[in-house]
Amino acid sequence: MAQEKLFSIIIPTYARPQRLATCLQALAHLDYPRDRFEVIVVDDGSEMPIQPVVAPFQDKLDLTLITQPNSGPAKARNTGAAKARGKFLVFTDDDCTPAPDWLKTLSVRFTTVPDCLIGGRTLNALPNNLYSTASQVLINYLYEYYNADPSRSSFFASNNLALPADRFHALGGFDTTFPLAAGEDREFCDRWINCGYKMIYAPEVQVNHAHKLALPTFWRQHFNYGRGAFCFYQARSRRNLERIKVEPLSFYFNLLTYPLSQASSQPAPLIAALFLVSQVANVVGFFWERQHQSASQVAA
7 MAQEKLFSII IPTYARPQRL ATCLQALAHL DYPRDRFEVI VVDDGSEMPI QPVVAPFQDK
67 LDLTLITQPN SGPAKARNTG AAKARGKFLV FTDDDCTPAP DWLKTLSVRF TTVPDCLIGG
127 RTLNALPNNL YSTASQVLIN YLYEYYNADP SRSSFFASNN LALPADRFHA LGGFDTTFPL
187 AAGEDREFCD RWINCGYKMI YAPEVQVNHA HKLALPTFWR QHFNYGRGAF CFYQARSRRN
247 LERIKVEPLS FYFNLLTYPL SQASSQPAPL IAALFLVSQV ANVVGFFWER QHQSASQVAA
């Protein structure tokens, strides 16, 4: 029987070979015993072969490459989790580079809270990119809002979270009806909390996120977040949970003014303007997805 690891790092990837190589390079430099963790890369149907990217790291990491037809990151994470040998599953993305003490800080946390879902801090690796900076500042606002009490957190992005493998499987993993990298992490966190489990924010558990954006891709990112938000509502409806309450107006006012109070490498008024763009894109994506699903149901 294969030896159980303490950690299984799972990375879904799609058509970003250079980013994946940078991510694997960071994992190869983790300050943590090599026999205590494994890395599972799940290629979600990339047209280009991923094996040449993974091959140079085979002798540096306990590394497994799995390929699947393009099905979305939720399915890719579940595919990786099904093969994992670790007591704890650790999720990140191919455009992230974990800090050298990433697993060490997680190990310390799990020593005291072994049954919790732990979310770490994500840092912007592209401070000179206005759109990437705006996207990260928005995540910072959401983390401050939803995780105001770190011991009673309610939302973490899937590019830096860890949890016990047995509880992940008991919950059925990520909801694979989410076709995009948008909303599936929010739905999983919601399902986790509704099962009575705890989430804890651990800001010392850090990854650097290098998601290069321009105005069109920034719009598409937040349009897709709107689509994911509608899928989130649908998932809660399928579980017969009460309707989600819309956030109070103060949430949106504080969101739009938040950049003005934050130190940033980019001009605060421009980031605030992009926050407004993000919310418009989110609303458009939400109603686009609702219309799309309604049309699909009629066609069926």
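The sequence shown begins at 7 in this note's numbering and counts up by one. Here a beta-carbon is modelled for each residue, glycine too, at the ideal position from N, C-alpha and C.
In the DSSP annotation of this structure, GLN64 is not part of any alpha helix (DSSP H), being labelled neither H nor E. With contact defined as three or more Cβ pairs closer than 8 Å, the region 176 to 195 and the region 138 to 149 are not in contact.
Excluding its 5 nearest sequence neighbours in each direction, PRO75 has C-beta neighbours in its own chain below 6 Å: GLY51, listed in chain order. The three-state secondary structure of HIS228, taken from DSSP, is helix. GLY126 and GLY86 have their C-alpha atoms roughly 20 Å apart.
Nearest neighbour of ILE15 by Cα position, chosen from GLY78, LEU33, PHE224, turns out to be LEU33.
Per DSSP, GLY86 is one residue of the alpha helix (DSSP H) stretching across 79 to 89. For LEU177, no alpha helix (DSSP H) encloses it, and the DSSP letter there is neither H nor E. In the DSSP assignment, GLN212 forms a beta bridge with ARG127.
If you draw a 10 Å sphere on the C-beta of PHE257, you find fewer than 16 other C-beta atoms in it, and that means exposed.
Unbroken beta strand (DSSP E) stretches of 3 residues or longer found wholly inside the region 263 to 291: none.
Nearest neighbour of TYR207 by Cα position, chosen from VAL283, LEU169, THR223, THR19, turns out to be LEU169.
By the C-beta density criterion, ASN134 is exposed, having fewer than 16 other C-beta atoms within 10 angstroms. With contacts defined by Cβ atoms closer than 8 Å, LEU109 and PHE43 form a contacting pair. DSSP places ILE145 in the helix class (H, G or I) of the three-state scheme. If you draw a straight line from the Cα of VAL286 to the Cα of TYR152, it comes to about 21 Å. Beta-bridge partners assigned by DSSP to VAL48: PRO18, ILE72. In this structure, VAL60 sits near LEU69, with a CB-CB distance shorter than 8 Å.
Scanning its chain for C-beta atoms nearer than 6 Å, with the 5 sequence neighbours on each side dropped, one finds around LEU26 the residues THR19, VAL59, ASP100, in chain order. Residue pairing for LEU169: DSSP places it in a beta bridge opposite LEU95. Cβ neighbours of LEU136 within its own chain (closer than 7 Å, five residues either side excluded): GLN272, LEU276. With a beta-carbon spacing of about 4 Å, GLN212 and ALA105 fall inside the 8 Å limit used to define contacts.
The three-state reading of DSSP puts CYS201 in coil, since its state is none of H, G, I, E or B.
Looking at the DSSP output, PRO104 shares a beta bridge with VAL213.
The three-state secondary structure of LEU261, taken from DSSP, is helix. Between ASP37 and ASP121 a beta carbon distance of about 26 Å is seen, past the 8 Å cut, so the two are scored as non-contacting.
Setting aside the 5 residues that flank it on each side, PHE236 is surrounded in the same chain by PHE292, GLU295, ARG296, each with a C-beta closer than 7 Å to its C-beta; the list follows chain order.
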